[in-house]
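Following: one structure in structure tokens, then a few remarks.
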Amino acid sequence: MKAGDSAVRETILIADDEEEIVSLIADALEDEGYQVWTAFDGEQAVAMAERQPDLIVLDVMMPGKDGYEVCQAIRERVACPILFLSARQSETDRVKGLALGGDDYIGKPFSLVELKARIAAHLRREKRGQGAERTVLRYGGLEIDVQGHAVRLQGREVVLTAREFAIVELLALHPGQVFSKEDIYDRVWGLDAVGDASTVTEHVKKIRAKLGAVDPAAAFVATVWGVGYRWERG
């Protein structure tokens, strides 16, 4: 899947102070269709993790906060898989990383083929963990068929554009979680898209109008003033 495609892409944060390694991994993952965010020190990693990526590749030895400190700082707020990447390969280092909340520990030098395989495996495991019922989401009278890209409200079909559906899918898969307009734009349009996050506001207005035309009481997309949008369970 290339940048600009309408479906929501899985987002991977790479945090490593070695720019060549970040570039190498980012290119490989983007070729696989992932959306990639990058950070080059511990503070940047914590800030980017707050945007809720789908998976984090985290170097241990970084300036400022090291990878262990980053993991400890974000783990209670970030549920996605964290894969440590480090030249420190002793059993003590591996155990420490896993004990702090890491899901995997990969030593440097590493194989790109193996890294991609592990990333794909963790993301598949996350999807399986959501349960089969997650392919059809139900909130009150609203039904979202994720695989079929269809939305029905009170038994009536609601016709959404590809972008509108991608926004609904993103929010509905994370009920109660607040996404900024910038987060939504990056995930739905892609980092290489030409435009800005203000277009998200217009798409949300259209989504609300289409849902409201079927049921005026429908209020699934809530505005969190000064922050962004959140999905209400209804």
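Residues 1 to 234 in UniProt numbering are what the sequence shown spells out, letter by letter.
Note that beta-carbon positions come from the ideal geometry of N, C-alpha and C, so glycine has one too.
Inset, instruction - Report the residue ranges of all beta strand (DSSP E) runs contained in full by the stretch 175-227; include only those spanning at least 3 residues, in chain order. - result: Counting only runs of 3 or more, we get 178-180 and 221-224.
Legend entry - Same chain only: Cβ atoms within 7 Å of threonine 223, ignoring 5 sequence neighbours per side: Sequence-distant partners of threonine 223 (beyond 5 residues in either direction) whose C-beta falls short of 7 Å from its own C-beta, in its chain, are Tyr229.
Legend entry - alpha helix (DSSP H) runs wholly inside the stretch 89-146, at least 4 long, in chain order: Correct list: 91-99 and 112-130.
Inset, instruction - For the beta strand (DSSP E) holding phenylalanine 165, just list the boundary residues, first then last. - result: Premise fails: phenylalanine 165 lies in the alpha helix (DSSP H), 162-172, not in any beta strand (DSSP E).
Legend entry - Residue closest to glutamate 50, alpha-carbon to alpha-carbon, out of Arg77, Leu24 and Asp41: Among Arg77, Leu24 and Asp41, the Cα nearest to that of glutamate 50 belongs to Arg77.
Legend entry - Straight-line gap, arginine 124 to valine 214 (C-alpha atoms, nearest Å): If you draw a straight line from the Cα of arginine 124 to the Cα of valine 214, it is about 35 Å long.
Legend entry - Local conformation of alanine 87 per DSSP, three classes: Per DSSP, reduced to three states, the secondary structure at alanine 87 is coil, with no helix or strand assignment.
Legend entry - Cβ separation of valine 188 and isoleucine 167, assumed to be a contact under 8 Å, to the nearest whole Å: Contact holds; Cβ gap of about 6 Å.
Legend entry - Exposure of serine 86, with buried meaning 16 or more beta-carbon neighbours within 10 Å: Label assigned to serine 86: buried.
Inset, instruction - Tell me whether aspartate 27 sits in a helix, a strand or coil according to DSSP, three-state version. - result: In the structure shown, aspartate 27 adopts helical secondary structure according to DSSP, grouped into three states.
Legend entry - Environment of lysine 127 [buried if 16+ CB atoms lie within 10 Å]: Exposed, because fewer than 16 other Cβ atoms sit within 10 Å of the Cβ of lysine 127.
Legend entry - Per-residue burial, glycine 97 [other beta carbons within 10 Å of its own, 16 or more giving buried]: Under a 10 Å Cβ-count criterion, glycine 97 is classified as buried, with 16 or more other Cβ atoms of the shown protein chains found around its own Cβ.
Inset, instruction - Look at the alpha carbon of glutamine 72 and the alpha carbon of glycine 101, and state the distance between them as a whole number of angstroms. - result: About 7 Å.
Legend entry - Residues bridged to glutamine 35 [DSSP beta-bridge criterion]: Looking at the DSSP output, glutamine 35 sits in a beta bridge with Thr11.
Inset, instruction - Tell whether a beta-carbon distance below 8 Å holds between arginine 9 and glutamine 35. - result: Cβ distance < 8 Å, so arginine 9 and glutamine 35 count as in contact.
Legend entry - Three-state class that DSSP yields for glutamate 157 in the structure shown: Strand, per DSSP.
Inset, instruction - Would you check if the distance between the CB atom of serine 198 and the CB atom of valine 227 is smaller than 8 Å? - result: Pairing serine 198 with valine 227 gives a Cβ-Cβ distance that is not under 8 Å.
Inset, instruction - Determine which residues share a DSSP beta bridge with alanine 150 and list them. - result: In the DSSP assignment, alanine 150 forms a beta bridge with Asp145.
Inset, instruction - For arginine 156, count neighbouring Cβ atoms within 10 angstroms of its own Cβ and tell me buried if that reaches 16, exposed if not. - result: Its Cβ having fewer than 16 others within 10 Å, arginine 156 is exposed.
Legend entry - C-alpha distance - alanine 99 paired with isoleucine 106, whole-angstrom precision: Near 15 Å, if we compare the C-alpha coordinates of isoleucine 106 and alanine 99.
Inset, instruction - Kindly confirm or deny that the stretch 9-26 and the stretch 53-68 touch, where touching means at least three C-beta pairs closer than 8 Å. - result: Touching, yes.
Inset, instruction - Check whether the Cβ of lysine 181 lies closer than 7 Å to any heavy atom of the ligand HEM, and answer yes or no. - result: Inclusion of the ligand HEM in the displayed structure is not the case, the ligand content being empty and no account of it being possible.
Legend entry - tyrosine 68 - partner residues in DSSP beta bridges: Answer is none; tyrosine 68 lacks a bridge partner.
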